[in-house]
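*Asks:* Line order of the protein sequences matches chains A and B. Under this note's numbering, think of the first position of the first sequence as 1, with each following residue one higher. Under this note's numbering, think of the first position of the second sequence as 1001, with each following residue one higher. Here a beta-carbon is modelled for each residue, glycine too, at the ideal position from N, C-alpha and C.
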Amino acid sequence: MIRVFISRDSTALSLGANLVADNLQKVVADKGLDIELVRNGSRGLFWLEPLIEVETASGRVAYGPVQTSDIPSLIDNGMLQGKDHPLYLGDIEALPYFKDQHRLTFARVGKTNPVSLDDYVAHDGYIGLNNALSLTPEDIVKQVTDSGLRGRGGAAFPTGIKWNTVLNAPGEQKYIVCNADEGDSGTFSDRMIMEGDPFVLIEGMTIAGLAVGATRGYIYLRIEYPHAYVALNEAIQSAYERGYLGDDILGSGKAFHLEVRRGAGAYICGEETSLLESLEGKRGLVRFKPPLPAIIGLFGKPTVVNNVISLASVPIILDKGGDYYRDYGMGRSRGTLPIQLAGNIKYGGLFEVAFGITLREILYDYGGGSASGRPIRAVQVGGPLGAYMPESQFDTPLDYESFSAIEAVLGHGGIVVHDDSVDMAEMARYAMEFCVEESCGKCTPCRIGSVRGVEVIDRIVKGIQKDKNTTLLRDLCDTMIAGSLCAMGGMTPYPVLSALNYFPEDFGINVDADAA
Amino acid sequence: MHGYDSYKQEIDDILKSHESMPGNLLPILHAIQDSLGYIPGDSVPVIALALNQSNAEIHGVISFYHYFRQTPPGKNTIRLCRAESCQAMNGKALEKYAQKQLEIDWHETTSDGQFSLEPFYCLGNCACSPALSVNNEVYGRVTPQRFDEVIASYREAAE
Chain A
1 MIRVFISRDS TALSLGANLV ADNLQKVVAD KGLDIELVRN GSRGLFWLEP
51 LIEVETASGR VAYGPVQTSD IPSLIDNGML QGKDHPLYLG DIEALPYFKD
101 QHRLTFARVG KTNPVSLDDY VAHDGYIGLN NALSLTPEDI VKQVTDSGLR
151 GRGGAAFPTG IKWNTVLNAP GEQKYIVCNA DEGDSGTFSD RMIMEGDPFV
201 LIEGMTIAGL AVGATRGYIY LRIEYPHAYV ALNEAIQSAY ERGYLGDDIL
251 GSGKAFHLEV RRGAGAYICG EETSLLESLE GKRGLVRFKP PLPAIIGLFG
301 KPTVVNNVIS LASVPIILDK GGDYYRDYGM GRSRGTLPIQ LAGNIKYGGL
351 FEVAFGITLR EILYDYGGGS ASGRPIRAVQ VGGPLGAYMP ESQFDTPLDY
401 ESFSAIEAVL GHGGIVVHDD SVDMAEMARY AMEFCVEESC GKCTPCRIGS
451 VRGVEVIDRI VKGIQKDKNT TLLRDLCDTM IAGSLCAMGG MTPYPVLSAL
501 NYFPEDFGIN VDADAA
Chain B
1001 MHGYDSYKQE IDDILKSHES MPGNLLPILH AIQDSLGYIP GDSVPVIALA
1051 LNQSNAEIHG VISFYHYFRQ TPPGKNTIRL CRAESCQAMN GKALEKYAQK
1101 QLEIDWHETT SDGQFSLEPF YCLGNCACSP ALSVNNEVYG RVTPQRFDEV
1151 IASYREAAE
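1. Sorted by chain position, which residues of the same chain lie with C-beta nearer than 8 Å to R283 (chain A)'s C-beta, five sequence neighbours on each side aside?
2. Relative to the C-alpha of G151 (chain A), which candidate in A:V379, A:D124, A:A180 and A:L89 has its C-alpha closest?
3. Should the region 338-353 of chain A be regarded as contacting the region 94-107 of chain A, the criterion being three or more beta carbon pairs within less than 8 Å?
4. With H, G and I counted as helix, E and B as strand and the rest as coil, what does DSSP make of N307 (chain A)?
5. Select from B:I1047, B:S1020 and B:N1024 the residue whose C-alpha is nearest the C-alpha of E1010 (chain B).
6. Please report how far the alpha carbon of I62 (chain A) lies from the alpha carbon of P50 (chain A), in whole angstroms.
7. On the criterion of 16 or more Cβ atoms from any shown chain inside 10 Å, does L476 (chain A) qualify as buried, or is it exposed?
8. Secondary structure at E401 (chain A), three-state DSSP: helix, strand or coil?
9. With contact counted as at least three CB pairs below 8 Å, one residue from each stretch, are the region 192-207 of chain A and the region 147-167 of chain A in contact?
10. Helix, strand or coil for N40 (chain A) per DSSP?
11. Let's test the definition: count the other Cβ atoms within 10 Å of the Cβ of H1030 (chain B) and tell me whether it reaches 16, buried, or not, exposed.
12. Report the CB separation of P137 (chain A) from L167 (chain A) in whole angstroms; it is logged as a contact under 8 Å.
13. Measure the C-alpha to C-alpha separation of N40 (chain A) and G16 (chain A) and round it to an integer number of angstroms.
14. How is R537 (chain A) classed by DSSP in three states: helix, strand or coil?
15. Could you work out which residues of chain A lie near P1144 (chain B), taking near to mean beta carbons separated by less than 7 Å?
16. Excluding the 5 residues preceding and the 5 following E1156 (chain B) in the sequence, name in chain order all residues of the same chain whose CB lies nearer than 8 Å to its CB.
17. Measure the alpha-carbon distance for P293 (chain A) versus K301 (chain A) and round it to whole angstroms.
18. At a Cβ threshold of 7 Å, is F188 (chain A) touching chain B?
19. According to the Cβ coordinates, are L1076 (chain B) and V1134 (chain B) closer than 7 Å?
20. Write down every uninterrupted run of the alpha helix (DSSP H) in the region 1059-1099 of chain B whose length is 4 residues or greater and which is fully enclosed by it, in chain order.
21. Determine which residues of the region 304-320 of chain A have a Cβ less than 9 Å from any Cβ of chain B, and write them out in chain order.
22. Do V416 (chain A) and S1085 (chain B) come within 7 Å of each other at the CB atom, strictly closer than that value?
23. In chain order, which continuous runs of the beta strand (DSSP E) of length 3 or greater are located wholly inside the region 148-196 of chain A?
24. Rounded to whole angstroms, what's the CA-CA distance from N236 (chain A) to F199 (chain A)? Just pull it up for me.
25. If you measure beta-carbon to beta-carbon, which residues of the region 1061-1086 of chain B are closer than 7 Å to chain A?
26. Could you give the DSSP three-state label for H418 (chain A): helix, strand or coil?
27. Taking only runs of the beta strand (DSSP E) that begin and end inside the region 336-398 of chain A, which ones reach a length of at least 3 residues, in chain order?
28. For N469 (chain A), collect the residues of the same chain with a Cβ closer than 8 Å to its Cβ; drop the 5 residues on either side in sequence, then sort them by chain order.
29. For N113 (chain A), count neighbouring C-beta atoms within 10 Å of its own C-beta (all shown protein chains included) and say buried if the count is 16 or more, exposed if not.
30. How would you label A516 (chain A), buried or exposed, when you count the other beta carbons within 10 angstroms and need 16 or more for buried?
31. Classify Y502 (chain A) as buried or exposed, calling it buried when 16 or more other Cβ atoms lie within 10 Å of its own Cβ.
32. Rounding to the nearest angstrom, what Cα-Cα distance links D514 (chain A) and G463 (chain A) in this structure?
33. In chain A, what lies closer than 7 Å to G1037 (chain B) by C-beta?
34. Exposed or buried, what is R332 (chain A) when buried is set at 16 or more other beta-carbons lying within 10 Å of its beta-carbon?
35. Can you list, in chain order, the residues of its chain with a C-beta nearer than 6 Å to that of L232 (chain A)? Leave out the 5 residues immediately preceding and following it.
36. Quick check on the burial criterion: 16 or more other C-beta atoms within 10 angstroms. Buried or exposed for A1056 (chain B)?
Below, the structure written as structure tokens:
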């Protein structure tokens, strides 16, 4: 039977993938043809979604972007045999956007049926877990440490060191918590993994459990991702049924249980201690650190809290070894980063490459420039708490240290592009406003500072005591950076100050005019 | 049956089925909202009693999270993304357009009870901004025209 692939990824669905799939099945049935329709993840080339791939004798052949009205002509022109058509794209993996990637974490996304355990295993899934079962916890942690894997949150903390702390912490019960509260605008790599290859996350968490002696794990999933919730639960259920989760993983005598918990629309719960409070059934207020969650975490027990991409990168490390992963990247940024290109960009999507690629290469070689065709003016990297970068910084390589050297953050690898119609004073105000909306309220610099920040920016823009209020704004930002309990208040000044420093004219601050 | 009596059984069942779950408050609130569409104020003391917490603690949790609501929603909930990526693609104009077409502000419900409008911060559909969702369906590259089409499809479905 001919296998046809249409994505079940949220973005593909948002462009009509379900309609395309339904229509294809109808047209095929009317013609008395027989196909097997696989709902896969997305390849990440979103301007080509909804995408149809057909498995032919000479490999997979793609067509896109497909609308329902294209289906009859596609079928009549021999799409099911991989024949030519105006929407014909050929082998998707041979396209320039795809072929230069280093797909380690995303190796299977878009290729396989995300919720088929057989498909997962057939594409090298669970090799990492099998290897881990024959290793000591110390050896598993060593592999992860050797890989150089770092957390994809703002702090970029080395994963192996975190695991080692939990391994050595005394405690009868330990936990693995996956932070799936990816709330940064411009990021969707977690979502794509959870929708497109949920088993890789489940496997990574199971390995983490073996490594530190944790028998229970939670995925704290943001409510904004309903399709990921469905895919994760389908995958977890079949992992239980087949003995990959439960009291006796693959007959090893080792236990690991896993559950998805839904968040409720609070950005702050992406901060690890707020997330733990929320999992415990409370308001998501940040905790003072120390104690670290690695020592006193969920329900007061030693807990590994890692992001989705960190945990989803573990299976390949345990499959091919820490050195294999470490050999990608530059400096102290090892391995690969799934880059998410969004906002005002022609070719938005996800591609996974080794650290070290420059912003300019991403924006123009991959992204094809702005969607509006106007010049790109400002780029925000790393979510709402990330700095705005002007054109003069586009040659910065993607590397944690290079970014922090210019007071920018790489964070989750999300890139939001703005063209020259953007008002940067408005974006700075929005950053403060977002902090007002999303602050947990526990510490004063964040709770009150953000409210004051909005007021002061308004005054600057209105031209009320411009110099004095600009000084006040910088002062306020210093206080927030130095005095906030967590990154919410501590990093909100990044977008604000970068907007002020690189785009002062948008605040009505004209250096020449002021001097006159 | 009306008021609390009309949903007492459902809430009791939810509380019972979550009894032994660690950290069960959010799952309980989700289950109630999934089932009733909101968390009725008169369920707060019942949840508090079952969890051995104060009313204030339960209320504090409900009000902390943007997703939980204490009034019944419209038949369909539109969630419009206001985050940076959508702003970069005319999201603000779409916000204004949606409010004008529906004749409501954020957190309000249309007079015919068909649509509620909620602000959202990122649906993870940033490569195809601006985005919105209706109930659990996501829509990308939403122009005013597409907004009207989407809304119309739900109106028709309702009729």
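*Replies:* If we stick to the structure as given:
1. The residues are E277 and C440.
2. When each option's Cα is compared against that of G151 (chain A), the closest is A:A180.
3. yes
4. strand
5. If we check each option's Cα against that of E1010 (chain B), B:I1047 comes out closest.
6. Checking the displayed sequence, the identity of residue 62 (chain A) turns out to be Ala instead of Ile. The alpha-carbon atoms of A62 (chain A) and P50 (chain A) are separated by roughly 11 Å.
7. buried
8. helix
9. no
10. strand
11. buried
12. With a Cβ gap of about 6 Å, P137 (chain A) and L167 (chain A) count as contacting.
13. The C-alpha of G16 (chain A) is placed about 15 Å away from the C-alpha of N40 (chain A).
14. This structure cannot speak to residue 537 (chain A), because chain A is shown only from 1 to 516.
15. Ordered by position in chain A, no residue passes the 7 Å Cβ test against P1144 (chain B), which lies about 17 Å from the chain.
16. none
17. 8 Å
18. yes
19. A small fix is needed here, since residue 1076 (chain B) is Asn in this sequence, not Leu. A contact, by the Cβ cut-off of 7 Å.
20. 1084-1087
21. none
22. Their beta carbons are under 7 Å apart, which means S1085 (chain B) touches V416 (chain A) by this criterion.
23. 175-180
24. The sequence shown places Ile at residue 236 (chain A), rather than the Asn named in the question. In a straight line, the C-alpha of I236 (chain A) is about 8 Å away from that of F199 (chain A).
25. V1061, F1064, Y1065, H1066, Y1067, F1068, A1083, E1084 and S1085
26. strand
27. 336-343, 349-354, 376-381 and 388-390
28. For N469 (chain A), where only same-chain residues beyond five positions count, the Cβ hits under 8 Å are V456, R459 and I460.
29. buried
30. Its pLDDT being 39, under 50, A516 (chain A) is placed unreliably by the model, and nothing is read from it.
31. buried
32. The predicted position of D514 (chain A) is uncertain, since its pLDDT is 48 and thus under 50; a value taken from the coordinates is nonetheless stated next. Approximately 12 Å between the Cα atoms of the pair.
33. Here the premise fails: no neighbours, minimum Cβ distance about 15 Å.
34. exposed
35. If we look at L232 (chain A) and ignore the five residues flanking it on each side, its Cβ neighbours are M194, P198 and V260.
36. Exposed is the call here.
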